[in-house]
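Visitor:
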Amino acid sequence: MQLLSFIFRRILHLLPTLLFILIVVFVLVRLLPGDPASAILGDRALDADVERINRELGLDRPLYVQFFAFLKSVVTGNLGDSIHLKIPVAELIKKRLPVTIMLTVMAALIAVVLALPLAFVAALKRTKPADAAIRGVFQVGLSMPVFYSGLILLTVFGAKLRWFPVGGYGDGFLDHIYHLFLPALTLAFSLSAILMRSLRSAIIDVLDAEYVQFAKAKGIGPGLVLMRHVLRNALISTVALFGLSIGTLLSGAVITESVFAIPGAGRLMIESIYGRDYPVVQGMTIALAVLVSLTFLLTDLVQAWLDPRVTR
Amino acid sequence: MTETANHRATRVRGRLPRPLVIGGSILLLSLFIGTFPALFAPYDPNVFDYGALLQPPGFAHPLGTDNFGRDMLSRVIHAYTIDMQIAFFATVFAFVFGTIVGALVGYAGGIAEVLFGRVVDAVITFPFLVLVIAIVSVLGPGLVNMYIAVSVVGWVFYARIISAEIKVQKQLDYADAGRAMGYTHMRIIFIHLLPNSITPAVVYWMTDMALAILLGSSLGYLGLGAQPPSAEWGVLIADGKNFMATAWWISVFPGLAIVLTGLGFSLAGDGLAELLRVKR
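If you read the protein sequences in the order shown, they are chains B and R. Quick note, the first sequence lines up with residues 1 to 312 if you use the working numbering. Quick note, the second sequence lines up with residues 313 to 592 if you use the working numbering.
(1) Identify every residue that forms a DSSP beta bridge with B:Pro88.
(2) So is B:Ala289 in contact with chain R if we call contact Cβ pairs under 8 Å?
(3) Smallest Cα separation from R:Val442: which of B:Gln2, B:Arg228, B:Met102 and B:Gly247?
(4) Going residue by residue through the stretch 191-252 of chain B, where are the continuous beta strand (DSSP E) segments of at least 3 residues, counting only ones entirely within it?
(5) What does B:Pro145 reach in chain R if we use C-beta pairs closer than 7 Å?
(6) Counting only the same chain and skipping the five closest in sequence on each side, list residues whose C-beta sits under 7 Å from that of B:Leu63.
(7) According to DSSP, B:Asp277 sits in a beta bridge with which residue or residues?
(8) Spell out the partners DSSP gives R:Thr377 in its beta bridges.
(9) Where does R:Thr316 land, buried or exposed, given buried means 16+ other C-beta within 10 angstroms?
(10) I'd like to know if the stretch 189-203 of chain B and the stretch 108-122 of chain B are in contact, where contact means that at least 3 CB-CB pairs between them fall below 8 Å.
(11) With a threshold of 8 Å, are at least 3 pairs of Cβ atoms found where one atom belongs to the stretch 211-228 of chain B and the other to the stretch 491-498 of chain R?
(12) State the DSSP-derived secondary structure class of R:Glu544, mapped to helix, strand or coil.
(13) For R:Phe401, which residues in the same chain have their Cβ closer than 7 Å to its Cβ, ignoring the five residues on either side in sequence?
(14) Within the continuous alpha helix (DSSP H) that includes B:Trp163, where are the two ends?
(15) Are the Cβ atoms of B:Ser237 and B:Ala202 separated by less than 8 Å?
(16) Three-state secondary structure (DSSP) at B:Gln282?
(17) Are the beta-carbon atoms belonging to B:Phe173 and B:Phe164 less than 8 Å from one another?
(18) Counting only beta-carbon separations shorter than 8 Å, does B:Met269 have a partner in chain R?
(19) Could you list the residues in the stretch 136-160 of chain B with a C-beta less than 8 Å from some C-beta on chain R, going in chain order?
(20) Within 8 Å (strictly less), CB to CB, does B:Thr17 reach chain R?
(21) Note down, in chain order, every chain B residue with its Cβ under 7 Å from the Cβ of R:Ile436.
(22) Going by other Cβ atoms of all chains shown within 10 Å of its Cβ, with 16 needed for buried, is R:Ser337 buried or exposed?
(23) Compare the C-beta of B:Leu235 against all C-beta atoms of chain R and say whether one is closer than 8 Å.
(24) For the stretch 332-350 of chain R, which residues have a CB atom closer than 7 Å to at least one CB atom of chain A, in sequence order?
(25) Relative to the C-alpha of B:Val29, which residue among B:Val140, B:Ile110, B:Ala159 and B:Met284 is closest?
(26) Does B:Phe20 have its Cβ less than 8 Å from a Cβ in chain R?
(27) Could you tell me whether any Cβ in chain R is nearer than 8 Å to the Cβ of B:Leu63?
(28) Are there 16 or more other CB atoms within 10 angstroms of the CB of R:Gly452, so buried, or fewer, so exposed?
(29) For R:Leu340, does the three-state DSSP call read helix, strand or coil?
(30) Tell whether a beta-carbon distance below 8 Å holds between B:Leu142 and B:Ser190.
(31) Anyone know if the C-beta pair for B:Leu306 and B:Leu235 falls short of 8 Å?
(32) With R:Ala557 as the anchor, note down where its alpha helix (DSSP H) starts and where it stops.
(33) R:Leu568: which of B:Ala287, B:Met144, B:Thr104 and B:Gly275 sits nearest, CA to CA?
(34) Whole angstroms are fine: how far does the CA of B:Leu187 sit from the CA of B:Tyr278?
(35) I'd like the span of the alpha helix (DSSP H) that includes R:Thr496, first residue to last.
(36) Check whether chain R comes within 8 Å of B:Ile93, counting only Cβ atoms and requiring the distance to be less than that.
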C-alpha cells in the first residue's frame, strides 16, 4: 500500500516537470534564428508564400493559442513533419530513439560490469596501492572527453586493428551490438568513473556499519556478508546516482553518435539544429526529456525496492 | 587505519592534502602557460609552413605539425589561453548567480523552495549538453554565446548546494541572534550565513571548471564553441580527426592537454574538499 502511494506520488511529481520542459522547448524553438517559412521556401521566398506557410503552421496566431495547440498535439503524439526529410517527426523518433536507447543501455551495462568489481577491490584494499591505481585510472576517465576517447578507440580498434566497424549501426540485433560496442565502451568509461567513485565510498561506509560488524560476528562467511549486506546497501546510493547520471549519459551519447556516425537520436538532433529543422529539434528534445524522466521514475522504484524506507 | 584517522594525522602534521598539492601545481602551471603562451611556444601557432606538412614529432617540432605545417606544440600551448578562459568564464557567472539565488531560496523556504525544486528537477532531467547545444544554436556558435548557454543552465547546481546549506545554517542560534539584534534579512543571509555555507560550492566550482573544459572542448569539436583558426583543444582535435590513422599527433596531444588540465582541477577539488572537510 505504501509502495503504491509512493508510485502514485512519484508519477504525479513527473507532471509539473514535463510541463516545464514543454514550456522551455516551446520558447526555445521560437527563439531559433530565421523563421521556419524561409527555411522551407529558401531565402528568395515571396511574402505571400511566407504568410501562407505561417498560416498553415499556425504561426500567425497568438502565442498562448500556439502553446495550447502545441500541448494538444504533443499529448496526441502528433509532432508535425520534418521540414527536410518530409516525414512525421513521430516516425523519426520511433526509428532513431531506439538506437540511442540501445547505446545507452549497453553503455550502462558495461559501466556497471567495470565499476562494481573494481569498486569492491578498491574499498576492501583501501589506501593500498591497488586502490590508488584503480582510482587513478578512473580519475583519468573522468577528465577525458568522450569525443577524444571515442576517436582513439575508433582509430585503434576500428581503423588500425579492424576488430570493429568504424561506424554505422548494422542490420539485425547481434550486428547492432557489434556496431555499438566501441561507442558504448567509450560512454561506459566516463560513466563507470562516476559510479566507481560513489560505490567505493558507499561500500566503505557500509563495511564500517554496525550491522555488518554484527553479521561478521555471527560467523557469516565474508563472501556472503559482502553479497547480502554490503552489496545491497551500497547499491542503493549507486542506483540513485545512476538516475542522476542519465542526463550526462545521454549528452555523451549525442557526441558519441557524431564521432561514430551512428544514426541515433543525438546525431539527428545536431543535424537538425544545423539545418534549422524545428519540428525535429522540438520533438527530439521532448522525447529525450521524457526518456530521462521515465528513467528517473524507474531508478526511484528500484531504490524503493532495495530500501523500503525511501517510500516514506 | 580508517580514512578519517588517516586524514586527521595528515592535518596534525600541518601538511596540505597531496591531491591539492599536485592538482594545484598543475593548475598554477597551466595558468602561467595560458597567461604567457609566447614565452613557451617555439613558433607562431597560426603560421603555415608548406615545407613541413604533417611532420611527426621530432627535434624541430616536438609535437609534430598539422596538415598546414603549423607547429602543434605552439598550438597546444596557445590553446591554454582559451581553455583556461573557458574554465573560468563558463563557471563564474553560474557560481555567483547560483550562490545568491540559492541563499535567498534556502533562507526563504516555503513556496520559493517548492518552485525552485521544480526548476532543479527540470534542469537535471534535461540532458545538459542537449540544452546547451539548443541554446548555442539559438544564439549562434562562439565562445561568448557558449558562456551564456552554460551559465543559463549551470547556476542551478550551485543554487541547490547553497540552499541546502543555508537551510541548515538558518536554524542555528547565531542566525536567531542576528534576528534578535534586529538585523535585516539580507545582512543575516549575506554577512552571517553565507560565509558559513559557501565551502561546498567552492569545492564544486573546482569540479565544475573541469567539466567546463570538457564541455567547451566538446562544443569546439562539434563546431559550436571556439571557432577556427583560433587554437582550442577541441577544435585542434577536430582538425586532426581525419588524419588519425596517418598523423595521430595532431589530435592526440591536444587531448592529453585536456586530460591533464581536467585532472588538475578535479585533484584540486578533491584536495580542497579534504582540507576543508566537505563531505561529497
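Positions of the beta carbon are idealized from the N, C-alpha and C atoms, including for glycine. Note that the coordinates shown come from a computational prediction; the quantities given were computed from them, not determined experimentally.
Guide: Looking at the atomic coordinates:
(1) B:Asp81
(2) So, interface residue.
(3) B:Gly247
(4) none
(5) Leu526, Ser529, Ser530 and Ile570
(6) none
(7) Bridge partners of B:Asp277: none, in fact.
(8) R:Asp383
(9) With a pLDDT of 47 at R:Thr316, under the threshold of 50, the modelled position of this residue cannot be trusted, and the question is left open.
(10) yes
(11) no
(12) coil
(13) Tyr459
(14) First-last for B:Trp163: undefined, no H or E at that position.
(15) yes
(16) helix
(17) no
(18) yes
(19) Gln139, Val140, Leu142, Ser143, Met144, Pro145, Val146, Phe147, Tyr148, Leu151, Ile152, Leu154, Thr155, Ala159 and Lys160
(20) yes
(21) Leu244 and Gly247
(22) exposed
(23) In terms of beta-carbon proximity, B:Leu235 stays away from the interface with chain R, with every pair separated by 8 Å or more.
(24) Annotation note: the requested chain A is absent from the structure, which comprises protein chains B and R.
(25) B:Met284
(26) Yes, B:Phe20 counts as interfacial toward chain R.
(27) no
(28) Result: exposed.
(29) In this structure, R:Leu340 counts as helix in the three-state DSSP scheme.
(30) yes
(31) yes
(32) Taken as a continuous stretch (DSSP letters only), R:Ala557 belongs to no alpha helix (DSSP H), as it is neither H nor E.
(33) Looking at the Cα atoms, B:Met144 is the closest of the given residues.
(34) 28 Å
(35) Segment: none, R:Thr496 is in no alpha helix (DSSP H) and carries neither H nor E.
(36) Interface residue (Cβ-Cβ distance to chain R less than 8 Å): B:Ile93 is not classified as such.
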